[in-house]
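Report on the structure given below.
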Amino acid sequence: MDQYAVIGNPIEHSKSPDIHLLFADQTGEQLNYKKLFADEDKFSQVVTEFFTNGGKGLNVTVPFKNNACEFVDELTDYAAHAGAVNTIYIGKNNKLIGDNTDGIGLLRDLKKSLRIQIENKKILIIGAGGATQGIVEPLLNEQPDQLLIANRTVSKAEVIAEQFITFGEVKSCALDEIPKQPFDVVLHATSAGLQGHNVTLPTEILSANTCCYDLLYSDQDTPFMQWAKQYKSGKVVDGFGMLLEQAAEAFYLWRGKRPDTAMAQHYFRPDTTKKPGL
Numbered sequence: 035m036d037q038y039a040v041i042g043n044p045i046e047h048s049k050s051p052d053i054h055l056l057f058a059d060q061t062g063e064q065l066n067y068k069k070l071f072a073d074e075d076k077f078s079q080v081v082t083e084f085f086t087n088g089g090k091g092l093n094v095t096v097p098f099k100n101n102a103c104e105f106v107d108e109l110t111d112y113a114a115h116a117g118a119v120n121t122i123y124i125g126k127n128n129k130l131i132g133d134n135t136d137g138i139g140l141l142r143d144l145k146k147s148l149r150i151q152i153e154n155k156k157i158l159i160i161g162a163g164g165a166t167q168g169i170v171e172p173l174l175n176e177q178p179d180q181l182l183i184a185n186r187t188v189s190k191a192e193v194i195a196e197q198f199i200t201f202g203e204v205k206s207c208a209l210d211e212i213p214k215q216p217f218d219v220v221l222h223a224t225s226a227g228l229q230g231h232n233v234t235l236p237t238e239i240l241s242a243n244t245c246c247y248d249l250l251y252s253d254q255d256t257p258f259m260q261w262a263k264q265y266k267s268g269k270v271v272d273g274f275g276m277l278l279e280q281a282a283e284a285f286y287l288w289r290g291k292r293p294d295t296a297m298a299q300h301y302f303r304p305d306t307t308k309k310p311g312l
């Protein structure tokens with residue numbers, strides 16, 4: 035039976051095996067899917083062993099999305115521009131192809147599930163790591179009015195802004211330099227919530243029309259979501275919908291069949307109850 039996996043550190047929280055096995059059941063595909071833990075200096079060793087032993091595809095999560103970029107034989111445009119890989123599949127001549135389905139997953143969740151359009155909207159991204167790298171290009175393709183990346187270390191935000199300047203206008207700033215004005219969408223893309231922490235943000239960025247979206251998914255509200263609800267953001271959601279959508283795109287790359295994410299959302303969250311994860 036074909037073997038797939040998700041690799042990360044930590045990895046015990048991951049719901050990816052449950053999701054992909056549900057997708058397999060939906061589509062009539064036969065496969066196994068497991069979690070792979072790797073020490074931070076053992077990524078290449080673990081992945082090489084996985085594919086040498088017949089592995090067919092791999093999802094990549096924190097902190098290995100940049101490592102995966104260096105590991106694969108070829109990159110898709112999305113992955114090359116992002117400098118981050120979240121999905122590996124086997125292409126022609128058994129070459130390992132690195133792709134990034136994070137941005138597609140986010141956009142599908144925003145537009146299809148939440149009915150939020152990005153065109154002409156003011157978008158704020160908190161954080162400048164691999165998660166942010168994966169979503170900037172697809173967001174810019176939707177032609178927002180403004181896209182601002184804010185990070186504690188401003189130089190990291192500046193690097194990403196410069197990286198995508200050819201796709202549209204991207205600005206960067208430090209967290210304490212965020213304009214005190216409402217944004218239409220605030221995307222939280224740091225891993226602070228995994229440790230139960232939140233970044234300090236000005237409440238003026240929120241309004242009754244703001245959607246606060248945490249790229250983490252959780253069985254309970256993340257610290258960022260708690261903050262957003264406390265200060266009356268219009269809509270507050272976690273990244274479980276994005277997780278489903280990016281997983282569905284990865285499944286399609288592997289198996290050529292597109293799962294029903296709406297059914298999966300209802301299966302996993304029938305009462306919209308939501309342990310932090312990436």
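Residue numbers (my numbering): 35 to 312.
Yeah, the Cβ is synthetic: ideal placement off N, Cα and C, and Gly gets one too.
Per DSSP, the beta-bridge partners of I183 are I159 and S206. Contact between the region 143-152 and the region 65-85 is absent, with fewer than three C-beta pairs closer than 8 Å. For H115, the enclosing alpha helix (DSSP H) has its first and last residue at D111 to A116.
Counting the other CB atoms within 10 Å of its CB gives E279 a total of 16 or more, which places it among the buried residues. Contact check for S50 against N87 fails: the beta carbons are separated by 9 Å or more. For D73, there is no enclosing alpha helix (DSSP H), as DSSP gives it neither H nor E.
When DSSP states are grouped into helix, strand and coil, N243 belongs to the coil group. When DSSP assignments are scanned along the region 97-156, the uninterrupted stretches of alpha helix (DSSP H) that are 4 or more residues long and fall wholly within it turn out to be 99-105, 111-116 and 136-142.
Around E238, the same chain offers K214 as residues with beta carbons nearer than 6 Å, after the five sequence neighbours per side are excluded.
Three or more Cβ pairs drawn from the region 187-207 and the region 158-176 lie within less than 8 Å of each other, which places the two stretches in contact. Put simply, of A223, N66, I159 and G117 the residue whose alpha carbon is nearest the alpha carbon of P178 is I159.
Each of A281, D253, S78 and V270 was checked against the Cα of M259, and the nearest Cα belongs to V270. N232 sits in coil when the DSSP states are folded into three classes, being neither helix nor strand.
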